[in-house]
Amino acid sequence: MGQGYLNIKLTDISVTDPEKYPHMVTVKNCFIRGSVVRYVQLPADEVDTQLLQDAARKEALQQKQ
């Protein structure tokens with residue numbers, strides 16, 4: 500089974516609302532520790548479902564061995 504955490508590394512960050520988040524304007528890269536992530540929501544058109552299915556099949560085969 501995987502690591503169980505959703506560690507996320509963000510690069511080349513841009514702030515969409517600098518007035519609301521002025522402290523984030525100078526941040527360009529960050530790491531979010533997976534243990535604090537509850538869920539990740541992505542737009543459906545941004546997800547390569549074929550890649551995810553292939554990865555899930557590969558992991559399932561490895562677990563059987």
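FYI, the numbering for the sequence shown is 500 to 564, going by the numbering used here.
Just so it is clear, CB atoms sit at the ideal spot from N, CA and C, and this is done for glycine as well.
Since the model is a prediction, treat every value here as computed from it, not as a measurement.
Nearest to residue i (by Cα), restricted to the options the options
{"i": "residue 525", "options": "537, 545, 511", "result": "511"}
{"i": "residue 533", "options": "563, 506, 546", "result": "506"}
7 angstroms CB neighbourhood of residue i in its chain, flanking five on each side removed
{"i": "residue 537", "result": "none"}
{"i": "residue 518", "result": "none"}
Same chain only: Cβ atoms within 6 angstroms of residue i, ignoring 5 sequence neighbours per side
{"i": "residue 508", "result": "530"}
{"i": "residue 514", "result": "520, 523, 524"}
The beta strand (DSSP E) enclosing residue i, as first and last residue numbers
{"i": "residue 509", "result": "507-510"}
Alpha helix (DSSP H) segment containing residue i, residue limits
{"i": "residue 543", "result": "From DSSP, residue 543 is part of no alpha helix (DSSP H); its letter is neither H nor E."}
{"i": "residue 472", "result": "Since the first and last residues shown for the chain are 500 and 564, residue 472 lies out of range."}
8 angstroms CB neighbourhood of residue i in its chain, flanking five on each side removed
{"i": "residue 543", "result": "none"}
{"i": "residue 504", "result": "532, 533, 534, 536"}
{"i": "residue 539", "result": "505, 507"}
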